[in-house]
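S.K.: Pasting a structure below so you can have a look.
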Amino acid sequence: MASRGVESHLTAGSSAPKVTLFNLASPISLLTYYPGPKEFGSGNAPVHSMLQNWSECSLNPVDGVYSFAKDPSDLSRFASGSGDGVVKCWNLSSREEVWKTTAAENIVKSMAFTKDQKLLTASSDSTIKLFDPYNTPSQAPPIHSWLGSHPYSSLSVHRDGRSFAAATDSGSVHRCSGSSAMAHVREHDHIGRFQPKRNECASQLFRRSHYDLRTSSPLARTTLKFGLNKIVFNPMEPMNFIVASEDHNVYAFEYEFLSLILPSSMFMRSVQRALNIYKGHVAAVMDVDWSPDGRGLISGSYDRTIRLWNRDEGVSRDIYHTKRMQRVFSVGWSPDANYVLSGRSDDGNVRLWRANASKRQGVKSARHRQALEYNDALIERYSHMPEIRRIKRHRHIPKVVKKAGEIKQEELKAIKRREENERKHTKKQFEKRQSERDKAILAREK
68 MASRGVESHL TAGSSAPKVT LFNLASPISL LTYYPGPKEF GSGNAPVHSM
118 LQNWSECSLN PVDGVYSFAK DPSDLSRFAS GSGDGVVKCW NLSSREEVWK
168 TTAAENIVKS MAFTKDQKLL TASSDSTIKL FDPYNTPSQA PPIHSWLGSH
218 PYSSLSVHRD GRSFAAATDS GSVHRCSGSS AMAHVREHDH IGRFQPKRNE
268 CASQLFRRSH YDLRTSSPLA RTTLKFGLNK IVFNPMEPMN FIVASEDHNV
318 YAFEYEFLSL ILPSSMFMRS VQRALNIYKG HVAAVMDVDW SPDGRGLISG
368 SYDRTIRLWN RDEGVSRDIY HTKRMQRVFS VGWSPDANYV LSGRSDDGNV
418 RLWRANASKR QGVKSARHRQ ALEYNDALIE RYSHMPEIRR IKRHRHIPKV
468 VKKAGEIKQE ELKAIKRREE NERKHTKKQF EKRQSERDKA ILAREK
């Protein structure tokens with residue numbers, strides 16, 4: 068055993084004060100290390116909550132913003148269409164306006180960039196126009212224009228970049244290739260959207276149809292209980308798509324393969340049930356959009372809030388709002404998945420938000436990155452603990468939204484209680500219960 072003499076640490080001399088030695092470490096603490104309590108105590112969920120300053124900047128069009136368009140070949144360029152018919156192109160890096168033109172006399176309802184960086188606009192004055200914001204000055208006339216018989220409500224560009232589909236308020240969908248005239252496709256539809264990987268298009272109004280543009284015939288038709296405002300296909304999984312509904316929810320669906328024996332080798336698809344239901348809004352959902360990686364989505368609602376969701380979770384992971392925020396009619400995700408955009412009907416602003424509220428951009432040192440990764444790992448490790456879960460899920464929401472949510476919950480409880488009482492005293496007690504994901508679909512037609 069190693070030992071030292073007293074002379075090595077005591078002052079020599081008989082008059083020196085005597086030093087009493089204490090061992091403050093218990094034998095168990097000398098032999099055992101408990102990292103759990105230390106790591107749990109240093110969990111940074113409260114710090115993440117304090118750092119949630121989500122708003123990045125605000126861009127100022129003149130009128131309310133009703134549509135967005137992202138350039139798939141440029142991370143920093145996007146366009147906005149307003150209620151006075153003005154279309155503006157913005158640079159996300161500099162937060163500045165780079166191009167502007169008057170595209171219509173009324174509301175610009177939908178826009179889309181082509182593969183060659185041209186901009187298509189569809190408006191309520193029954194016109195579709197093609198612009199070149201990269202090679203022409205501001206207020207330049209359109210390269211080409213199409214005049215319809217009814218106001219347009221939606222526009223989608225095909226993946227080949229040479230054709231697009233447009234839907235009208237009267238209930239028709241048209242397809243155009245290049246500079247040719249539009250071809251009528253089908254009736255009773257309001258909003259059209261191309262599937263990313265196939266020659267197929269989904270459309271919606273009172274009937275929700277999925278049809279093949281090669282044959283101009285519907286593949287399947289599904290009727291939901293409420294009207295829909297937007298449909299967006301998953302960029303990574305084209306068979307999945309989400310819809311913004313008037314019943315305050317966002318629904319995720321998947322087209323399933325049903326038949327392989329058709330002469331044209333065309334697969335019939337049908338929406339059997341909802342894959343997921345995203346609940347939380349207290350008013351109609353006006354717009355939705357997928358993240359570039361297909362694992363998250365954003366929704367904008369008439370209740371003046373924006374919610375961000377994980378694809379596999381039915382509860383929003385974050386909610387964005389401001390004091391003077393108005394009805395949200397358009398939302399979008401930046402191509403690099405670091406920011407989200409929102410446009411409003413009344414305040415005339417385009418707001419840029421962080422996709423992760425507590426995340427900061429800029430160059431970080433290796434030590435800083437390691438600390439951030441360690442903190443995120445701690446939160447993920449202890450996210451099942453009640454204290455961490457409560458702090459992580461807590462969000463401050465406007466008083467009006469909170470009160471409306473409480474009233475909505477009471478109404479839903481009353482409906483459920485009435486259905487249970489009816490089930491107890493009628494023959495419905497012998498019928499199989501219907502899940503929430505099945506209740507969203509009213510009828511199917513093949």
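Those letters in the sequence shown? Residues 68 to 513, by the numbering used here.
Think of the CB as a built atom: it goes at the ideal place given N, C-alpha and C, for glycine as much as any other residue.
Whose CA, out of L142, M178, N343 and K390, lies closest to the CA of S190?
M.R.: M178
S.K.: When you compare only the Cα positions, how much space is there between N423 and F180?
M.R.: 26 Å
S.K.: For R514, name the three-state secondary structure that DSSP assigns.
M.R.: For residue 514 there is no data in the structure shown, the boundaries of the chain being 68 and 513.
S.K.: DSSP three-state label for R518, please.
M.R.: No information on residue 518 is available, as it lies outside the stretch 68 to 513 that the chain covers here.
S.K.: Apart from the five residues on each side of it in sequence, which residues of its chain come closer than 7 Å, Cβ to Cβ, to A92?
M.R.: In this predicted model, A92 has a pLDDT of only 44, less than 50, meaning its place in the structure is not dependable; the value taken from the coordinates is given anyway. Nothing meets the Cβ criterion.
S.K.: Excluding the five sequence neighbours on either side, which residues of its own chain have a C-beta within less than 7 Å of the C-beta of P302, listed in chain order?
M.R.: P263, W357, P359 and G361
S.K.: How many angstroms separate the CA atom of R418 from the CA atom of G410?
M.R.: 7 Å
S.K.: Buried or exposed: G429, going by 16 or more other Cβ atoms within 10 Å of its Cβ?
M.R.: Exposed: under 16 other Cβ atoms inside 10 Å.
S.K.: Roughly how many whole angstroms lie between the Cα atoms of S270 and Q437?
M.R.: The pLDDT assigned to S270 is 47, lower than 50, so where the model puts this residue is not dependable; a value taken from the coordinates is nonetheless given after this. If I take the Cα positions, the gap works out to 47 Å.
S.K.: Short of 8 Å in beta carbon distance, which residues of its chain neighbour I344, apart from the five on each side in sequence? Order them along the chain.
M.R.: Same-chain partners within the cutoff: N316, V317, Y318, A319, G381, E503, R504 and A507.
S.K.: Would G415 and V395 be called neighbours here (beta carbons separated by less than 8 Å)?
M.R.: no
S.K.: According to the neighbour-count rule (16 or more other Cβ atoms, all chains shown, within 10 Å of its Cβ), is S296 buried or exposed?
M.R.: Reading off the sequence, residue 296 comes out as Asn, not Ser. Buried.
S.K.: Determine which residues share a DSSP beta bridge with D183 and list them.
M.R.: DSSP, once it has assigned bridges, lists no residue as partnering D183.
S.K.: Nearest-angstrom Cα distance between E163 and W157?
M.R.: 6 Å
S.K.: Determine the direct distance from the alpha carbon of Y449 to that of P94, and round the result to whole angstroms.
M.R.: Residue confidence for P94 is low, a pLDDT of 41 falling below 50, so the modelled location carries little weight; the figure read from the coordinates is stated next. So the two alpha carbons sit approximately 29 Å from each other.
S.K.: Just to confirm, is the Cβ distance from S221 to A207 under 8 Å?
M.R.: no
S.K.: Output needed for K495: all residues of its chain with C-beta closer than 8 Å, excluding positions within five of it in sequence on either side, in chain order.
M.R.: E489
S.K.: Please name the residue, chosen from G131, K185, E478 and R427, that lies closest to T203 on a Cα-to-Cα basis.
M.R.: K185
S.K.: With the cut-off set at 8 Å, would you say V398 and I446 are in Cβ contact?
M.R.: no
S.K.: Does Y441 pass the burial test, meaning 16 or more other C-beta atoms within 10 Å, or should it be called exposed?
M.R.: exposed
S.K.: Which residue wins for smallest C-alpha separation from L342, given the options D413, K176, D379 and W420?
M.R.: D379
S.K.: With DSSP as the reference, label N296 as helix, strand or coil.
M.R.: Here N296 sits in strand by DSSP.
S.K.: What is the residue span of the alpha helix (DSSP H) that E313 lies within?
M.R.: That residue, E313, is in no alpha helix (DSSP H); it is neither H nor E in DSSP.
S.K.: So which of Y369, I309 and E313 has the shortest CA-CA distance to R340?
M.R.: Just measuring C-alpha positions, the residue of Y369, I309 and E313 sitting nearest R340 is I309.
S.K.: Verify the contact flag: F308, CB atom, against every heavy atom of the ligand HEM, threshold strictly below 7 Å.
M.R.: With respect to small molecules bound, the structure shown includes none, and the ligand HEM cannot be examined in it.
S.K.: Residues bridged to Y449 by DSSP?
M.R.: For Y449, which the question treats as bridged, DSSP gives no partner whatsoever.
S.K.: Check this for me: beta carbons of P139 and P305, under 8 Å apart or not?
M.R.: no
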